[in-house]
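S.K.: Going letter by letter, the first sequence gives residues 54 to 484 in the working numbering. Submitted below is the structure of interest, expressed as structure tokens.
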Amino acid sequence: MLSRDLLRSEDDTLASRLGLRGIAAGLLESWQSFDRERRSILGEVEQLKQRRNELSKQIGALKREGSDAEAVMAEVGELKAGIAGLEERLASTETELTDLEMAFPNLAHASVPAGADEAANRVERTVGEPRAFDFEPQAHWDLGPALGILDFERGAKVAGARFTAYFGSGARLERALISFMLDLHTAENGYIEVQPPFIVNTDALIGTGQLPKFEEDLFKLSGHEYYLIPTAEVPVTNLHRGEILEEERLPLKYVAHTPCFRAEAGSYGKDVRGLIRQHQFQKVELVHLTTPETSYEALEELTGNAEGVLQRLELPYRVVTLSTGDMGFSAAKTYDIEVWLPGQNAYREISSCSNCEAFQARRAGLRYRPAGGGKPRLLHTLNGSGLAAGRTLVAILENYQNADGSVSIPEPLRPYMGGADSIEVPVVGAG
RNA sequence: GGAGGGGUGGCAGAGUGGUCGAAUGCACCGGUCUUGAAAACCGGCGUCCCUUCACGGGGACCGCGGGUUCGAAUCCCGCCCCCUCCGCCA
């Protein structure tokens with residue numbers, strides 16, 4: 054949510070900044086007219102209430118001294134209908150106002166490139182050299198089944214399209230990746246490990262911005278007001294909802310490993326093969342709650358923490374700043390980290406790191422008390438994958454594949470793999 | 001799932017229809033005293049909204065949402081959460 058002060062402002066660049074995020078100018082104007090109406094009704098109703106409160110006190114005083122209060126009670130009685138009518142109008146105006154403001158996306162930070170889609174994204178840096186293969190590298194959807202570690206057919210059998218069963222070293226490799234990432238972020242980057250609920254209520258989803266606008270992306274539990282989490286960002290960012298934190302405790306840096314569930318509505322025909330786009334995947338998520346003054350430093354730090362995983366695994370990648378049109382709803386600035394996938398001959402997103410500034414904090418009531426005392430202020434929230442486990446496994450399979458179809462295991466993961474240095478193609482039907 | 005108890009300010013804990021945004025204690029902030037500190041004493045100390053250049057004024061909030069009433073923390077209805085015991089269970 055944007056602040057009402059901002060939405061009210063005379064600033065004529067506001068409409069165009071919203072326009073960059075895909076919001077028609079008329080929506081701002083209608084918000085402003087509902088806001089004017091609300092304040093005018095509020096003024097009237099509060100005046101009547103003031104009168105009512107005064108008279109009610111008089112009645113109390115009169116009755117206590119045994120006097121007749123009939124006349125005063127009659128006067129209050131006349132106020133009642135007026136108050137009720139105004140409050141009804143006030144409530145419906147409030148509803149219009151909040152429905153509108155819930156639909157406004159965050160404004161982009163000044164450093165974000167303007168543009169309609171990913172064509173306007175800006176590459177910030179490219180790290181690592183894609184490996185030169187002396188054979189034709191395979192895609193993971195060929196490598197995985199051949200190694201007997203990924204089974205798309207059986208995943209589809211027990212659930213449906215976009216679900217995968219992992220076997221043997223594949224299952225273990227993903228678990229190794231998760232453990233490796235959690236250990237790195239907690240031991241070296243100062244994160245507190247959190248295991249949040251994997252099911253959340255509507256308030257949490259409103260807090261981070263998935264609701265009310267993007268319900269079709271979520272899996273909802275039948276018969277309950279519960280949803281499977283699309284990302285750990287939702288439960289973790291909402292952990293301190295409605296709280297006022299002491300500034301001394303900041304920044305709060307959380308890392309959480311969770312499964313993520315996404316309906317992927319409207320993505321039919323996109324990435325239909327392999328692990329890239331699944332209804333269920335695992336992710337290690339990084340979340341920062343910090344002060345407005347430090348949130349952009351925190352974005353660099355968080356992004357660097359995510360890059361650190363790729364660097365340790367020696368996977369080539371690049372960092373891209375998303376354009377105003379490509380960013381998510383709640384973000385003010387987003388860096389996507391894209392890993393090189395030889396099997397696709399392309400860089401593909403493996404992490405998305407965003408500073409949401411006060412946008413989510415305002416929705417979720419995340420505040421802090423400044424160190425010197427004084428009024429509570431809104432926090433800034435940040436989140437980013439550090440990293441998506443399934444896609445990292447894809448990157449390892451494709452980048453570390455050998456000519457014989459085996460896959461080498463990157464050094465840092467070997468302790469988590471029982472010391473194994475490779476996953477070998479099984480000898481089928483031998484003997 | 002069954003039975004019972006409970007949700008009040010940072011914490012503890014009063015308050016069962018009016019003078020209650022809410023006693024009291026602790027914590028916290030300022031002051032007096034003191035060489036300094038502690039103790040003692042004095043004062044301050046919630047959040048949101050509207051309005052005002054400002055000082056200030058007003059409204060709302062005692063888990064959430066409705067209702068009764070001139071007036072609700074207090075009465076009624078629904079819901080949520082927590083605790084205890086029983087059952088079931090990873």
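The C-beta atom is built at its ideal place from N, Cα and C for all residues, glycine as well. Here the structure is a predicted model, which means the values were calculated and not measured.
1) Going by DSSP, which residues form a beta bridge with E299?
2) Decide if S376 is buried, meaning its Cβ has at least 16 other Cβ atoms within 10 Å, or exposed.
3) Considering just the uninterrupted stretch of the beta strand (DSSP E) at K428, what are its terminal residues?
4) How would you write the range of the alpha helix (DSSP H) that I94 sits in, first residue to last?
5) So, is Y321 buried or exposed, given that buried needs 16 or more other C-beta atoms within 10 angstroms?
6) For the candidate residues V98, K323 and A185, whose alpha-carbon lies nearest to that of R142?
7) When the Cα atoms are used, what is the spatial distance from S56 to G96?
8) Judging by CA-CA distance, which residue of E107, G208, L237 and L59 is the nearest neighbour of L366?
9) Which residue marks the beginning of the alpha helix (DSSP H) containing G260, and which one marks its end?
10) Return the residue from the list R215, R89, G357 and L71 that minimises the CA-CA distance to K323.
11) Among E278, T445, G262 and I282, whose alpha-carbon lies nearest the alpha-carbon of L271?
12) For H293 and E227, what's the separation of their Cα atoms in angstroms?
13) Please report the straight-line C-alpha distance between L446 and E286, rounded to a whole angstrom.
14) Short check: CB of Y219 to CB of D195, under 9 Å?
15) Reducing DSSP to helix, strand and coil, say where K336 ends up.
16) Can you check the segment 400 to 479 for any alpha helix (DSSP H) of at least 4 residues that lies completely inside it and give the ranges in chain order?
17) Tell me the rounded alpha-carbon separation between R315 and A209.
18) For L153, collect the residues of the same chain with a Cβ closer than 6 Å to its Cβ; drop the 5 residues on either side in sequence, then sort them by chain order.
19) To which residues of the same chain is L363 closer than 6 Å at the C-beta, ignoring the five residues directly before and after it?
20) What does the Cβ neighbour count give for T66, buried or exposed, with the cut at 16 atoms within 10 Å?
21) Identify which residue in P395, S404 and L394 has its Cα closest to the Cα of T387.
22) Considering just the uninterrupted stretch of the beta strand (DSSP E) at I390, what are its terminal residues?
23) Check each candidate in E451, L419, Y469 and P463 and name the one with the smallest Cα separation from A185.
24) Please list, in chain order, all residues of the same chain as A424 whose beta carbon is under 7 Å from its beta carbon, the five residues on each side excluded.
25) Taking E149 as the reference, give the member of L81, V211, A77 and A385 with the closest Cα.
26) For the segment 160 to 219, which segments carrying the beta strand (DSSP E) assignment without a break, of at least 3 residues, lie completely within its bounds, in sequence order?
27) Looking at S348 and M380, is the spacing between their C-beta atoms short of 9 Å?
28) Using the three-state DSSP reduction, which class does G484 fall into: helix, strand or coil?
29) Identify whether Y244 lies in helix, strand or coil by the three-state DSSP scheme.
30) How long is the line joining the alpha carbons of L73 and I259, rounded to whole angstroms?
M.R.: The structure says:
1) Position 246 of the first sequence, counted from the start, is the residue given in the question as residue 299. Answer by DSSP bridge pairing, in chain order: R422.
2) Indexing the first sequence from 1 puts residue 376 at position 323. By the neighbour-count rule (16 or more Cβ atoms within 10 Å), S376 is buried.
3) As a position in the first sequence, residue 428 is number 375, starting the count at 1. Where K428 is concerned, there is no enclosing beta strand (DSSP E), given that its DSSP letter is neither H nor E.
4) As a first step, residue 94 is located in the first sequence; it is residue number 41 there, counting from the start. Where I94 is concerned, the enclosing alpha helix (DSSP H) stretches over A78 to R117.
5) Taking the first sequence and counting its residues from 1, the one referred to as residue 321 is at position 268. So Y321 ends up on the exposed side.
6) Residue numbering aside, residue 142 sits at position 89 when the first sequence is read from its first letter. Taking only the C-alpha atoms, the option nearest R142 is V98.
7) Numbered from its first residue, the first sequence carries residue 56 at position 3. Numbered from its first residue, the first sequence carries residue 96 at position 43. Their backbone Cα atoms lie some 21 Å apart in a straight line.
8) In the first sequence, residue 366 corresponds to position 313, counting from 1. Out of E107, G208, L237 and L59, L237 has the C-alpha closest to the C-alpha of L366.
9) Taking the first residue of the first sequence as position 1, residue 260 is located at position 207. Where G260 is concerned, the enclosing alpha helix (DSSP H) stretches over T255 to T261.
10) Taking the first residue of the first sequence as position 1, residue 323 is located at position 270. The option with the nearest alpha carbon to K323 is R215.
11) The sequence position of residue 271 within the first sequence is 218, counting from 1. Out of E278, T445, G262 and I282, I282 has the C-alpha closest to the C-alpha of L271.
12) Start at 1 with the first residue of the first sequence, and residue 293 comes out as number 240. Start at 1 with the first residue of the first sequence, and residue 227 comes out as number 174. C-alpha of H293 to C-alpha of E227: approximately 30 Å in a straight line.
13) Taking the first residue of the first sequence as 1, we reach residue 446 at position 393. Taking the first residue of the first sequence as 1, we reach residue 286 at position 233. Each residue's Cα considered, the two are about 21 Å apart.
14) The sequence position of residue 219 within the first sequence is 166, counting from 1. The sequence position of residue 195 within the first sequence is 142, counting from 1. Not closer than 9 Å, so no.
15) Along the first sequence, read from residue 1 onward, the residue named residue 336 stands at position 283. Of the three classes helix, strand and coil, the one that applies to K336 here is strand, per DSSP.
16) 412 to 417 and 442 to 452
17) Along the first sequence, read from residue 1 onward, the residue named residue 315 stands at position 262. Along the first sequence, read from residue 1 onward, the residue named residue 209 stands at position 156. Cα to Cα, the separation comes out at about 16 Å.
18) In the first sequence, counting from the first residue as 1, residue 153 sits at position 100. Cβ within range, chain order: W84.
19) Working through the first sequence from its first residue, we reach residue 363 at position 310. Answer for L363: Y370, listed in chain order.
20) Counting from one through the first sequence, the residue named residue 66 turns up at place 13. In the assembly as shown, T66 is an exposed residue. Its beta-carbon has fewer than 16 other beta-carbons within 10 Å.
21) Indexing the first sequence from 1 puts residue 387 at position 334. Nearest option by C-alpha distance: S404.
22) As a working note, residue 390 is residue 337 in the first sequence. K386 to L394 is the extent of the beta strand (DSSP E) around I390.
23) Position 132 of the first sequence, counting from 1, holds the residue named residue 185. Cα-wise, what sits closest to A185 is E451.
24) One-based indexing of the first sequence puts residue 424 at position 371. Counting only Cβ-Cβ distances below 7 Å, and skipping sequence neighbours, we find E300 and E301.
25) Taking the first residue of the first sequence as position 1, residue 149 is located at position 96. Cα-wise, what sits closest to E149 is L81.
26) 175 to 180
27) For the purposes of this step, residue 380 is taken as the residue at position 327 of the first sequence. For the purposes of this step, residue 348 is taken as the residue at position 295 of the first sequence. In this structure, S348 does not lie closer than 9 Å to M380 by Cβ.
28) Here residue 484 corresponds to residue number 431 of the first sequence, with the count starting at 1. For G484, the pLDDT reaches just 49, beneath the cut-off of 50, and the residue's location in the model is therefore unreliable, although a value from the coordinates is still provided. If DSSP states are grouped into helix, strand and coil, G484 belongs with coil.
29) By 1-based counting over the first sequence, the position of residue 244 is 191. It is coil, neither helix nor strand.
30) The residue labelled residue 73 in the question sits at position 20 within the first sequence. The residue labelled residue 259 in the question sits at position 206 within the first sequence. Going from the Cα of L73 to the Cα of I259 covers about 23 Å.
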